[in-house]
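Q:
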Amino acid sequence: MSPRKSVAETGLTRRRILDLGLAIASAEGLEGLTIGRLAGELGMSKAGVLGHFGSKESLQLAVVDTAAEMFVREVPERARGVPRGLPYLRAAGEAWISYLERELLPGGCFFTAAAAEFDGREGPVRDAVVRMSAFWERELRVNIWRAVSLEELPADADIDQLLYEFVGIMLALNHFLQLHDDRQAPARARRALERLF
505 MSPRKSVAET
515 GLTRRRILDL
525 GLAIASAEGL
535 EGLTIGRLAG
545 ELGMSKAGVL
555 GHFGSKESLQ
565 LAVVDTAAEM
575 FVREVPERAR
585 GVPRGLPYLR
595 AAGEAWISYL
605 ERELLPGGCF
615 FTAAAAEFDG
625 REGPVRDAVV
635 RMSAFWEREL
645 RVNIWRAVSL
655 EELPADADID
665 QLLYEFVGIM
675 LALNHFLQLH
685 DDRQAPARAR
695 RALERLF
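For the sequence shown, the tail end lands on 701 under my numbering, and the numbers increase by one without skipping.
1) Using a Cβ-Cβ cutoff of less than 7 Å, which residues in the same chain neighbour S637 once the five nearest sequence positions on both sides are dropped?
2) Assuming L681 contacts A689 (C-beta within less than 8 Å), just tell me the rounded distance between them.
3) Suppose the cutoff is 7 Å on Cβ atoms and the five residues either side in sequence are ignored; what does the same chain contact list for V579 look like?
4) Looking at C-alpha atoms only, which residue of R577, R519, Q564 is the closest neighbour of E532?
5) In whole angstroms, give me the CA-to-CA distance for I698 and E573.
6) Rounding to the nearest angstrom, what Cα-Cα distance links E656 and L666 in this structure?
7) State the DSSP-derived secondary structure class of G627, mapped to helix, strand or coil.
8) Tell me whether the region 539-551 and the region 632-649 touch, counting them as touching only if at least three CB pairs, one residue from each stretch, are closer than 8 Å.
9) Measure from the alpha carbon of V576 to the alpha carbon of each residue in A527, E641, S562, then state which is nearest.
10) In this structure, does DSSP put P690 in helix, strand or coil?
11) The alpha helix (DSSP H) that contains T616, what's its start and end?
12) Excluding the 5 residues flanking L554 on each side, which residues of the same chain have their C-beta closer than 6 Å to its C-beta?
13) Starting from the Cα of P658, find the closest Cα among G589, F639, L675, Y668 and give me that residue.
14) Does the distance from the CB of I677 to the CB of A693 come in under 7 Å?
15) Leaving out the 5 sequence neighbours to the left and right, which residues in its chain are closer than 6 Å to I528 when beta-carbon positions are compared?
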């Protein structure tokens, strides 16, 4: 086997582990993610799975990174090229609703689940979840501020309140889709965003 093929196969195996890990963690939490389970479902040895990550915590962090890549691809990237401010907020909102509506992960929004799982804890995994959340909230806050400065939103608009409500709508959407299997939830989220902006 050539070194190039070996590196490519290693990368593919790592991707398979992370894709399965992300699917499991979205539904059962990062604590439910075990080396043994991944090995069993992928037909690998535990040592084979562990060799890619070194520890359960490293695996969890890699899954958080994989979830972040998916979210960025499915939400901010879909709004790329849209003018900043209110048009961006609307495009990002629609992309976020679509991301949840299409149920790309069996447990819905990975970060909603991970935030609930790790919000009362400390450590690198919680910090990684907080960083991703802060990154996205900063992006939204900048665009809300831009919409205010361009007079697309009222000059006295409370930027933090708008951000809070925007994120709250998406948390509610995930809740109603996942817990209640409410197929009307995306339409409700769209109406709520339209009222908000």
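Don't be surprised by glycine CBs; every beta carbon is placed ideally from N, CA and C. Remember, predicted model here, so these are calculated numbers, not experimental data.
A: Based on what the coordinates show:
1) Counting from 1 along the sequence shown, the entry for residue 637 is found at position 133. For S637, where only same-chain residues beyond five positions count, the Cβ hits under 7 Å are F615, A619.
2) Taking the sequence shown and counting its residues from 1, the one referred to as residue 681 is at position 177. Taking the sequence shown and counting its residues from 1, the one referred to as residue 689 is at position 185. 5 Å between Cβ atoms; contact.
3) Here the question's residue 579 lines up with position 75 in the sequence shown. A596, A599, W600, Y603.
4) Along the sequence shown, read from residue 1 onward, the residue named residue 532 stands at position 28. The candidate whose alpha carbon is nearest that of E532 is Q564.
5) Position 194 of the sequence shown, counted from the first residue, corresponds to residue 698. Position 69 of the sequence shown, counted from the first residue, corresponds to residue 573. Reading the sequence as shown, one finds Glu at residue 698 and not Ile. Roughly 27 Å separates the two Cα atoms.
6) Within the sequence shown, residue 656 is the residue found at index 152, counting from 1. Within the sequence shown, residue 666 is the residue found at index 162, counting from 1. Going from the Cα of E656 to the Cα of L666 covers about 13 Å.
7) For the purposes of this step, residue 627 is taken as residue 123 along the sequence shown, with counting starting at 1. Coil, per DSSP.
8) no
9) Numbered from 1 along the sequence shown, position 72 holds the residue referred to as residue 576. Of the candidates A527, E641, S562, the one whose C-alpha sits nearest the C-alpha of V576 is E641.
10) Numbered from 1 along the sequence shown, position 186 holds the residue referred to as residue 690. It is helical.
11) Here residue 616 is taken as the residue at index 112 of the sequence shown, counted from 1. T616 -> alpha helix (DSSP H) spans 614-622.
12) Locating residue 554 in the sequence shown gives position 50, counting from the first residue. I539, listed in sequence order.
13) Along the sequence shown, read from residue 1 onward, the residue named residue 658 stands at position 154. For the residues G589, F639, L675, Y668, the minimum Cα distance to P658 belongs to G589.
14) Here residue 677 refers to the residue found at position 173 of the sequence shown. Here residue 693 refers to the residue found at position 189 of the sequence shown. The sequence as given places Leu at residue 677; Ile does not occur at that position. Result yes, Cβ atoms of L677 and A693 sit closer than 7 Å.
15) For this step, residue 528 is matched to residue 24 along the sequence shown. Answer for I528: L537, listed in chain order.
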